[in-house]
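Engineer: Sharing a structure here in structure tokens format.
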Amino acid sequence: ELLDEGMPSTEEILQTSQRIFGRSFASREDPAAGGEGEEGDKDEDPGDFDLGSIMGALQNMKEEIAGISNEEEKRKAAARVALGLVWGLEGGRGI
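Each residue of the sequence shown is one higher than the one before, starting from 1031 at the first, in our numbering.
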């Protein structure tokens, strides 16, 4: 089974995705925040996607993971970041 105790939960992945994408994530997911939600047009305003802040968040997470000494926790944290990135890039359809 893919989802075992060594893998992050869906909630952890969602929180990580929000951390990675920040405002861009919220605006895509929440129509009240000006986003289109799941049913919206896929042609988003490119200004909503801040690559610099996304890369900064990923760099910070990389540094945090590098500081984890427990290999199992390190793998779980890396999986959480990878899955959170996919979740956000797929507009919440990544999992």
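Glycine included, every Cβ here is placed at the ideal spot set by N, Cα and C. Computed from a predicted model, the values in this text were never measured in an experiment.
#1: By the three-class DSSP mapping on this structure, what secondary structure does Glu1035 have?
#2: What is the C-beta distance between Lys1092 and Pro1038, in whole angstroms, given that I count them as a contact (C-beta under 8 Å)?
#3: With a cut-off of 8 Å on the beta carbons, I'd call Gly1097 and Ile1050 a contact; round off their distance for me.
#4: Could you tell me whether the Cβ atoms of Glu1102 and Gly1052 are closer together than 8 Å?
#5: Would you kindly check if the distance between the Cβ of Arg1110 and the Cβ of Glu1042 is under 8 Å?
#6: Run the CB neighbour count on Ala1112, radius 10 Å, all protein chains shown included, and call it buried at 16 or more, exposed below.
#7: Following the continuous alpha helix (DSSP H) through Gly1086, name the residue where it begins and the one where it ends.
#8: Let me know the secondary structure DSSP gives Ser1099 once reduced to three states.
Structural biologist: Per the coordinate set shown:
#1: coil
#2: That pair is no contact at about 16 Å.
#3: About 18 Å separates the two Cβ atoms, so there is no contact after all.
#4: no
#5: yes
#6: exposed
#7: 1081 to 1096
#8: coil
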